[in-house]
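There are 2 protein chains.
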Amino acid sequence: MQISKYFIICLALLTMTYSIKAQDSTIVQSKSSAIRLQLNTDESGRLSYSVKYRGEPIILPSELGFILNKPALSLNRFQLQKKDSSTVDENWEPVWGEVKSIRNSYKELFYSLVDKNGSGIRLNLIFRVFDEGIGFRYEFPKQQQMEHFIIGDEQTRFNLTADHTAFWIPGDYDSNEYLYNSTRLSAVDAKAAASHETDIALKSGYSNLAVQTPLLLKTDNGIYINIHEAALVNYPVMQLDLNKENISLKSHLVPDVMGNKAYLQTPFKTPWRTIIICNKATELLASKMILNLNEPSIIQDPSWIRPQKFIGMWWEMHVGKATWQKSGGKHGANTNNVKKYIDFAAEHQFDGVLVEGWNEGWEDWFGNWKENVFDFVTPYADYNIDSLSAYAKTKGVQLIMHHETSGSVTNYERHMDTAYRYMLAHDIHSVKTGYVGRIIPRGEYHDGQWMVNHFQRVANKTAQYKIMLDSHESIRPTGLHRTYPNWLASEAARGNEFNNAPALGLVPEHETILPFTRLMGGPMDYTPGYFHFQLNQFDSTRKTRIRTTLAKQLALFVTIYSPFQMAGDLPENYIKHPDAFQFIKDVPVDWDDTRILAAEPGDFVVIARKAKGKPDWYAGAVTDENARTVILDLSFLDPNFKYTAKIYKDADNAHWDKNPEAYTIEKKIVTNKTKTKVQLAEGGGAAIVFTRL
Amino acid sequence: MQISKYFIICLALLTMTYSIKAQDSTIVQSKSSAIRLQLNTDESGRLSYSVKYRGEPIILPSELGFILNKPALSLNRFQLQKKDSSTVDENWEPVWGEVKSIRNSYKELFYSLVDKNGSGIRLNLIFRVFDEGIGFRYEFPKQQQMEHFIIGDEQTRFNLTADHTAFWIPGDYDSNEYLYNSTRLSAVDAKAAASHETDIALKSGYSNLAVQTPLLLKTDNGIYINIHEAALVNYPVMQLDLNKENISLKSHLVPDVMGNKAYLQTPFKTPWRTIIICNKATELLASKMILNLNEPSIIQDPSWIRPQKFIGMWWEMHVGKATWQKSGGKHGANTNNVKKYIDFAAEHQFDGVLVEGWNEGWEDWFGNWKENVFDFVTPYADYNIDSLSAYAKTKGVQLIMHHETSGSVTNYERHMDTAYRYMLAHDIHSVKTGYVGRIIPRGEYHDGQWMVNHFQRVANKTAQYKIMLDSHESIRPTGLHRTYPNWLASEAARGNEFNNAPALGLVPEHETILPFTRLMGGPMDYTPGYFHFQLNQFDSTRKTRIRTTLAKQLALFVTIYSPFQMAGDLPENYIKHPDAFQFIKDVPVDWDDTRILAAEPGDFVVIARKAKGKPDWYAGAVTDENARTVILDLSFLDPNFKYTAKIYKDADNAHWDKNPEAYTIEKKIVTNKTKTKVQLAEGGGAAIVFTRL
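Those sequence lines, one after another, are chains U and Z.
Following my numbering, the numbering of the first sequence begins with 95 at its first residue and continues without gaps.
Following my numbering, the numbering of the second sequence begins with 95 at its first residue and continues without gaps.
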């Protein structure tokens, strides 16, 4: 990664020590003055922050602090020792991403505090004020007063101004694979929302007033607020407790089995708590604030990291054509089958083939909290990994490894080195990991500090072996792909495999909410691209189905950004629609620029992206269950050129339920003055390739 | 290991199916008829066993069974389906040991049972009846009724006949490093016993009526009973709950944090529950029943396994001459210091030098439940491991590695492969492991199933790397050194380092109880051989001291058997007594034969052993705080030869407290007709070398 920096640290505006009794108030306005942060310390030492957006209160005065379990005390009254401020304005270039260059521009306020309850513990508070929101973190500096400590509770509050509309999933220590609910905050009922989610195998809800982040709120006067966190390292996931009486949210850290939240040692910095605030939904989606709050890449030479598009020995198992396990006579990952996938990938210019069910253990892998399931280096007897990896090489295709841990993380950690060496010995440089089931160490949750550290260990170790990583059933991202650009994608939300879930499945609005919530933290391995919608092809008893049109499946390759993009459907379904399939073959997975053209959570998302190092643009538009007309303003195109627009769109009679496979492809010449009208069917979408002439 | 087997499986005496209603009673008598086992099933299906020794009841009818947590049910009423019996009489040769050849002679009774409460679950029960006691285990065969299951409680009872004298330590999930208590069972008070044990850093007692095994009982008419277990694999440690009303003991399995005892999958066999019964204390000490109940060695070619005698960079830290950590200016494991140890070891024919405090991390290693402490491959800057291992090689001495995990077992497991490779790269083939502190995974105990499995993983992996293992703060042994002969020794009891513990320290009777309790399971790294008794040499404020005579320290090399024997004291203390030190230099660590000449728990132990492959014998005699005269019957000597007896004994005025360093060495000619009288001082002992003329 090359970073073109013009890093400017402005002079410290204030450097002074306040007396114990001083009531203090500090205001920081963002560069454009859109965001105004105020930090108050009252006579008793209570510390609170508040945020206004264009003069309108968004966060009312909200307290900050901690309860520690070791030493056992409350950090809720502080003496302000010192405050500094500084300004940063820099550009940096990600290894891969939605845009080529990212501007990081903020004002920072630094508070040096001492516990006023008597312990003498020192705590710093760092606020960064951007034009689109704020980030803040706590810092426990190295100090004699405290070295090792245990967080009992983080008491960060987000006091809201009104009963906003919220796009939320229920708080849960083990799963983030819920459908989104859109209700007033006062109508949040996490237990009810979770109770009918019978498609989720492992749920660990803890309160009916708990929601997860990224949480999207919308005020009645049209301001969008996203609450999340950035740079989650060595700390549990933050979820949110809702107090309906005063419409307030409070950080809820995922505990371990001892009831502790985090075992820490000074110096330590918490993740950033982030609040993105925009009055346009498109601006919220364009925000890079979370990425900007993460640390630069640890990888000095990232030349081996390559965004990829691939297919997988995967959907066969989901739809009942094949099985992961060898026993039963329907084993998918056998040598012949995978050879066909390699041939298909080579013929259609995919980079890779994911192979699930390749290794021994699938006969007894799930649901029994079993520790020694897979060893990650023993292929089934009918899977000749040596010959297949050699064959793939001759075809210019790479196999993609699959490591299902079944939640037995101690077992995976024992085998990781050996497993990664085994991958390299077979010329495999990407791994999809899975964490289905209850975690071992028993008593740990998917979202606790121990697992957060595990995912970081995996990111570090794969980086060390020059392996690219895609994690499933993992913590939702917080922008760490800036720091670990080999961590290409995560699942960490309800993905397309839920199309085949019998109870709730997926709903048409899902992909119009994901960008505002889960995707704010980082790329998702969503596996788009289905061409066959009734999922009873191989099992006539199945009632499951995909609830989009075919054109919308194409659009998702643009609207759901990922540098690790699997075309989910079966080869035999793709070759039935070679003209539509052409879009999947053409669409890039890395971009120089991105424009959010139109968006409203729960309704629609329209995005255009410029291919990495090429003049061509790609657009995707998706709608919810309602048909709608989208007018695309093509002013993003280079005014000096004309473009061919190849539009893959819903046919007039298309409908996610009644006629999902009806699409048309049209071509026309456009310029940056063109406004193209595209009709989206119910549950539909459109995908467009703009080729420069 | 070569096994000379004359394996005889006798005809099945009974092979029949009983009707549901049949009340059943089966009696099996040992070969000599000393032990008589009776197994009863009553009308309701309750199953109980009882044991008589030479006609006298030892175990009254005692129920057997389980409570399962998954499936949630009780297994306490059974239908007997089938019973078989068989006889085995074989000899086998251990890789190393107290004797060259071991006879394994028992009658086996096999019960095939079905749950009578309705689940249909099948359970087998296997009893082996030896002349010195019984072993029994439960077996859950592979069955459709149950595959994965979770033990909630094992309900094995040991109903005793009277309020015997017991030699016990309090039940504790994390520590077995207690002083022994000798009281009537009715006087057991585990909480009181534990409360003044302030020398133990981590205690996890759970009941005032709980004791650990090996538990020694003595009846009022002089019968010795040892209750323990054999072949503890994939199951928690068994401790014992005492019911004082009926003087009964019940298995108490160490739980995990979820309250579960063991996560299992059929087929599964529990460890053997062992009851050794003898009317002579010497016979009890000579029993090889626990070893016989273990599986043969997994190591095909054990030629690389070598019993060893060594010194250590270790006591310097305990007495305050040096520190483990580098900071502070007193770092023991620096290159110069260790070079001197290598020179000393070479000059005095020790096999190795243990080096503790060699690696980075000791500045912050204990007491904070910290996960990432050591990486096991990073020496301190002042410790040149490359030059030292090369230097040791030129001197014919091997370095012994030290892996302190600080209880962070997840961290150790992540590093094990790398750490063992690092050892081999430095020509180091033995490792002492340590587990000081609370276990990580947090919520696991030292003695739970997860840790039992960890110790087995270490035994397996070290075997794979041809590394010899000595584990400290580990589970107490159950004879697994037969199966893993590379697992030379464990600590797993109060060892000599407690001489320097300020509160209780060690007491003179300790080494007269250890052989009857802890050592029944396997060798202990007790680190005998102290020549300096007041431990204020380097820190005048210390009040700690060693509570034996010097002669007793020599005797311990014989009475406390271990193939991995560290002479614990400092080189400068040894060279002050070169004549006494000669015994430590001469005494072997592997034996062809062993005779327990006299023993009484809490009072004295006298043992003679014949050196491996040599005609010479060595004897050790130790007493408690009382002086006593021991008459050694030398009939074990070869009648065809005369021997020189070199007797290292307490001087007439020796006394552990008043005059510990007073010893004399005398020589005389003896034969197998000689009866040698030796006077042991208070807290004293004697060591004798019988050299064949």
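Virtual Cβ for every residue (Gly too), placed ideally from N, Cα, C.
Residues sharing a beta bridge with valine 182/U, DSSP: As a working note, residue 182/U is residue 88 in the first sequence. Valine 182/U is bridged to Tyr200/U.
Exposure label - isoleucine 370/Z; buried when at least 16 CB within 10 Å: One-based indexing of the second sequence puts residue 370/Z at position 276. The residue is buried, with at least 16 neighbouring Cβ atoms inside 10 Å.
Among Arg515/Z, Arg588/Z and Ile534/Z, the one whose alpha carbon lies nearest that of lysine 560/Z: What you label residue 560/Z is simply residue 466 of the second sequence in a count that begins at 1. Of the candidates Arg515/Z, Arg588/Z and Ile534/Z, the one whose C-alpha sits nearest the C-alpha of lysine 560/Z is Arg515/Z.
Inside the stretch 469-551 of chain U only - beta strand (DSSP E) runs reaching at least 3 residues: The beta strand (DSSP E) runs lying completely inside the stretch 469-551 of chain U and spanning 3 residues or more are 492-498 and 524-528, given in chain order.
Collapsed DSSP secondary structure at threonine 255/U in the structure displayed: In the first sequence, counting from the first residue as 1, residue 255/U sits at position 161. In this structure, threonine 255/U counts as coil in the three-state DSSP scheme.
Beta carbon proximity, aspartate 257/U to chain Z, threshold 9 angstroms: The residue given as residue 257/U occupies position 163 in the first sequence. In terms of beta-carbon proximity, aspartate 257/U stays away from the interface with chain Z, with every pair separated by 9 angstroms or more.
Chain Z residues whose Cβ lies nearer than 7 angstroms to that of tyrosine 236/U: Position 142 of the first sequence holds residue 236/U. The residue asked about is misnamed: residue 236/U is lysine in this sequence, not tyrosine. By Cβ distance, chain Z contributes nothing, its closest Cβ being about 12 angstroms from lysine 236/U, past 7 angstroms.
Cβ separation of glycine 446/U and serine 524/U, assumed to be a contact under 8 angstroms, to the nearest whole Å: For the purposes of this step, residue 446/U is taken as the residue at position 352 of the first sequence. For the purposes of this step, residue 524/U is taken as the residue at position 430 of the first sequence. With 8 angstroms as the limit, glycine 446/U and serine 524/U qualify as a contact, their Cβ atoms being about 6 angstroms apart.
In chain order, each beta strand (DSSP E) run of at least 3 residues that lies wholly inside the stretch 347-386 of chain Z: Counting only runs of 3 or more, we get 356-359 and 366-372.
9 angstroms Cβ cutoff, histidine 242/Z in contact with chain U: Indexing the second sequence from 1 puts residue 242/Z at position 148. Interface residue, yes.
Status (buried if at least 16 other CB within 10 Å, exposed otherwise) for glutamate 339/U: The residue you call residue 339/U lines up with position 245 of the first sequence. Exposed, since its Cβ has fewer than 16 Cβ neighbours within 10 Å.
Entirely enclosed alpha helix (DSSP H) segments - the stretch 606-691 of chain U, minimum 4 residues: For the stretch 606-691 of chain U, whole alpha helix (DSSP H) runs of length 4 or above, ordered along the chain, are 644-653, 665-668 and 672-680.
Straight-line Cα distance separating tyrosine 274/U from leucine 598/U: Position 504 of the first sequence, counted from the start, is the residue given in the question as residue 598/U. Position 180 of the first sequence, counted from the start, is the residue given in the question as residue 274/U. Rounded to the nearest whole angstrom, the CA to CA distance from leucine 598/U to tyrosine 274/U is 12 angstroms.
Valine 193/U vs aspartate 686/U beta-carbon contact at 9 angstroms: Taking the first sequence and counting its residues from 1, one reaches residue 193/U at position 99. Taking the first sequence and counting its residues from 1, one reaches residue 686/U at position 592. Pairing valine 193/U with aspartate 686/U gives a Cβ-Cβ distance under 9 angstroms.
Whole-Å CB distance - leucine 499/U paired with glutamate 465/U, under 8 angstroms assumed: Sequence index remark: in the first sequence, residue 499/U carries index 405 (1-based). Sequence index remark: in the first sequence, residue 465/U carries index 371 (1-based). One point to set straight first is that residue 499/U is threonine, not leucine, in the sequence displayed. Rounded to whole angstroms, the Cβ separation of threonine 499/U and glutamate 465/U is 11 angstroms, and the two are not in contact under 8 angstroms.
DSSP-derived helix/strand/coil call for proline 396/Z: Position 302 of the second sequence, counting from 1, holds the residue named residue 396/Z. DSSP, reduced to helix, strand and coil, places proline 396/Z within a helical segment of the structure shown.
Proximal chain U residues relative to asparagine 462/Z, where beta-carbon distance stays under 7 angstroms: As a working note, residue 462/Z is residue 368 in the second sequence. Within chain U, the residues near asparagine 462/Z are His242.
Helix, strand or coil at histidine 412/Z according to DSSP, with G and I counted as helix: Stepping through the second sequence from its first residue, residue 412/Z is reached at position 318. DSSP, reduced to helix, strand and coil, places histidine 412/Z within a helical segment of the structure shown.
9 angstroms Cβ cutoff, proline 535/Z in contact with chain U: Sequence index remark: in the second sequence, residue 535/Z carries index 441 (1-based). Contact with chain U is found for proline 535/Z, since one of that chain's Cβ atoms lies less than 9 angstroms from the residue's Cβ.
Isoleucine 479/Z versus tryptophan 452/Z: straight-line alpha-carbon distance, rounded: Within the second sequence, residue 479/Z is the residue found at index 385, counting from 1. Within the second sequence, residue 452/Z is the residue found at index 358, counting from 1. The alpha-carbon of isoleucine 479/Z is positioned some 9 angstroms away from that of tryptophan 452/Z.
Backbone CA spacing between threonine 360/U and asparagine 630/Z [nearest angstrom]: Within the first sequence, the letter at position 266 stands for residue 360/U. Within the second sequence, the letter at position 536 stands for residue 630/Z. Their Cα atoms are separated by approximately 36 angstroms.
Cross-chain neighbours of glutamate 507/Z in chain U, by beta carbon under 9 angstroms: For the purposes of this step, residue 507/Z is taken as residue 413 along the second sequence, with counting starting at 1. Within chain U, the residues placing a beta-carbon under 9 angstroms from that of glutamate 507/Z are Thr504, Glu507 and Arg508, ordered along the chain.
Counterpart residues of serine 144/U in DSSP-defined beta bridges: Against the first sequence, residue 144/U aligns to sequence position 50. DSSP output for serine 144/U lists Gln132/U as bridge partner(s).
Neighbourhood of methionine 344/Z by C-beta, 6 angstroms cutoff - its chain only, sequence neighbours within 5 removed: Here residue 344/Z refers to the residue found at position 250 when the second sequence is read from its first residue. Checking the sequence, you will find lysine at residue 344/Z rather than methionine. Hits under 6 angstroms: Arg251 and Asp335.
Extent of the continuous alpha helix (DSSP H) to which serine 289/Z belongs: Walking along the second sequence from the start, residue 289/Z turns up at place 195. Following the DSSP letters along the chain, one finds serine 289/Z inside the alpha helix (DSSP H) bounded by residues 284-289.
Helix, strand or coil at alanine 715/Z [DSSP, three-state]: Counting from one through the second sequence, the residue named residue 715/Z turns up at place 621. DSSP, reduced to helix, strand and coil, places alanine 715/Z within a strand of the structure shown.
Nearest neighbour of glycine 779/U, chosen from Leu728/U, Ala739/U, Ala713/U and Tyr435/U [CA to CA]: Reading the first sequence from its first residue, position 685 is the one you call residue 779/U. Shortest Cα-Cα distance from glycine 779/U to any of Leu728/U, Ala739/U, Ala713/U and Tyr435/U involves Ala713/U.
Neighbour flag for aspartate 458/U against chain Z, beta carbons, 9 angstroms: Residue 458/U sits at position 364 when you count from the first residue of the first sequence. At a cut-off of 9 angstroms, the C-beta of aspartate 458/U has a neighbouring C-beta in chain Z.
Residues within the stretch 338-372 of chain U neighbouring chain Z, beta-carbon criterion of under 9 angstroms: Correct list: Asp350, Val351, Met352, Asn354, Tyr357 and Gln359.
Length of the line joining the Cα atoms of arginine 639/U and histidine 242/Z: Residue numbering aside, residue 639/U sits at position 545 when the first sequence is read from its first letter. Residue numbering aside, residue 242/Z sits at position 148 when the second sequence is read from its first letter. The C-alpha of histidine 242/Z is placed about 34 angstroms away from the C-alpha of arginine 639/U.
Contacts of aspartate 511/U in chain Z (Cβ-Cβ under 8 angstroms): The sequence position of residue 511/U within the first sequence is 417, counting from 1. Within chain Z, the residues Asp511 and Thr512 have their CB atoms less than 8 angstroms from the CB of aspartate 511/U, given in chain order.
Integer Cβ distance of tyrosine 272/Z from tryptophan 463/U, believed to fall under 8 angstroms: Here residue 272/Z refers to the residue found at position 178 of the second sequence. Here residue 463/U refers to the residue found at position 369 of the first sequence. Going by Cβ atoms, the distance from tyrosine 272/Z to tryptophan 463/U rounds to 33 angstroms, so no, they are not a contact pair.
Where the beta strand (DSSP E) through alanine 440/U begins and ends: Translated into positions along the first sequence, residue 440/U becomes position 346. Secondary structure note for alanine 440/U: it is in no beta strand (DSSP E), and the uninterrupted alpha helix (DSSP H) holding it is 429-441.
Environment of glutamine 306/U [buried if 16+ CB atoms lie within 10 Å]: Working through the first sequence from its first residue, we reach residue 306/U at position 212. Answer is buried; the Cβ neighbour count reaches 16.
Residue-level contact to chain U via CB, asparagine 547/Z, 9 angstroms cutoff: Against the second sequence, residue 547/Z aligns to sequence position 453. Yes, its Cβ sits closer than 9 angstroms to a Cβ of chain U.
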